[in-house]
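Heads up, the thing below is written out as structure tokens.
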Amino acid sequence: MDRITVDGKTLRLIEAKRIEDAVAELFVKANYTLTSDVTDCIACAAEKERCPLAKSVLHRLVDNVEAAKEIDVPICQDTGMAVVFLYVGEDAHILGNVAEAVDRGVRRAYVDGALRLSVVSDPLYDRRNTNDNTPAVLHIRAVSGDRVRIVALPKGFGSENKSALKMFTPAATEDDIVRFVVDTVERAGADPCPPISVGVGIGGDFEKCASLAKECFTRPVGTHNPDPRYAALEARLLDEINRTGIGPQGFSGDTTALSVAVAAYPTHIAGLPVAVNINCHVLRHAEVEI
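In the numbering used here, each residue carries its 1-based index in the sequence shown increased by 12.
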């Protein structure tokens with residue numbers, strides 16, 4: 013039986029083991045292969061790049077992705093902290109503990125898949141490796157329908173460490189926000205292994221804007237915010253970031269960023285939170301719907 017009726021509402025039943033199995037598969041897949049939206053974007057940037065050295069670097073990045081596929085190794089030695097977005101349909105009911113299922117899946121992916129284990133049990137006082145890359149950072153979103161969409165994001169910390177958040181006042185303008193985002197990228201320089209992808213969260217509160225910025229990386233590279241105002245802001249930010257001239261791997265050139273995605277959320281009358289999340293050129297993500 014895969015469905016039950018409760019108070020006249022039909023729910024689709026999903027065993028937590030299916031979540032575990034999917035998470036295990038997705039993190040291995042994400043660490044070993046890049047999605048075509050990312051590889052195509054890097055290849056396109058290589059063709060358009062005017063600086064010979066930068067063009068060569070971009071071609072080598074494409075070669076690296078292909079080499080990882082050919083010899084069956086992870087694309088990057090930092091196989092990341094496991095970030096999971098679960099979009100759970102309101103007509104779906106998961107049988108079992110979701111967080112535990114996600115962590116079991118992460119454990120299987122990183123231990124059985126021989127991925128680097130990078131998580132420590134305590135952030136400040138006892139930085140001992142958990143030896144299985146758990147716990148994951150889990151975000152659960154309620155959506156319509158009876159399906160569960162799972163997005164796996166292995167997040168390396170060379171780029172994560174260069175992210176930033178600022179609590180602006182409501183008097184802040186678009187120019188102020190653009191300056192903050194570009195300044196964040198300029199301070200990062202070559203450290204996050206450009207060309208980078210940038211997620212910008214605007215609104216909500218302190219933690220919501222950061223979550224929005226991270227969730228931007230679940231969008232295919234090159235897609236735009238459905239609100240034309242924010243789509244225009246994405247285009248402006250991408251242009252101004254690429255004008256910095258940092259370039260691929262910091263060797264100068266036209267391509268400092270591959271994409272900029274902006275997500276917005278209602279906020280309090282007294283504030284305007286903005287978060288900038290940076291990802292390296294290997295924007296690793298994999299997803300499935302069950």
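Ideal Cβ positions, reconstructed from N, Cα and C, are used throughout, including at glycine.
For V123, the CB contacts under 7 Å within the same chain, skipping 5 residues up- and downstream, are D144 in chain order. When secondary structure is reduced to three states using DSSP, V123 falls in the helix class.
Within the same chain, and ignoring the five residues on either side of D90 in sequence, the residues whose Cβ sits closer than 8 Å to its Cβ are R128, S130, G168, F169, G170.
In this structure, A273 is the residue among A273, V294, A282 with its C-alpha nearest to the C-alpha of V288. Shown here, K220 sits in a helix according to DSSP, grouped into three states.
DSSP, read as helix, strand or coil, puts T268 in coil.
In this structure, A154 sits near E102, with a CB-CB distance shorter than 9 Å. Within 10 angstroms of the beta-carbon of K174 lie 16 or more other beta-carbons, which makes it buried. Annotated as proximal: G259 and P206, with beta-carbon spacing under 9 Å. Within the same chain, Cβ atoms closer than 8 Å to the Cβ of T17 are found at L23, the five residues on either side in sequence being excluded. Within a 10 Å sphere around the beta-carbon of G117 sit 16 or more other beta-carbons, which makes this residue buried. In the three-state reduction of the DSSP assignment, A36 falls in the helix class, which pools H, G and I. In this structure, T268 places its C-beta atom within 9 Å of the C-beta atom of I208.
Within the segment 39-121, the complete alpha helix (DSSP H) segments at least 4 residues long are 48-60, 64-83, 110-119, listed from N- to C-terminus. T181 and L284 do touch by the CB rule: their CB atoms are close to 6 Å apart, below 8 Å. The DSSP assignment places complete alpha helix (DSSP H) segments of no fewer than 4 residues inside the segment 124-188 at 169-172, in order along the chain. When secondary structure is reduced to three states using DSSP, V288 falls in the strand class. K226 counts as buried, since no fewer than 16 other beta carbons sit within 10 angstroms of its beta carbon. In the structure shown, L25 adopts extended strand secondary structure according to DSSP, grouped into three states. Counting along the chain, the unbroken beta strand (DSSP E) around I16 starts and ends at 15-18.
For A282, there is no enclosing beta strand (DSSP E), as DSSP gives it neither H nor E.
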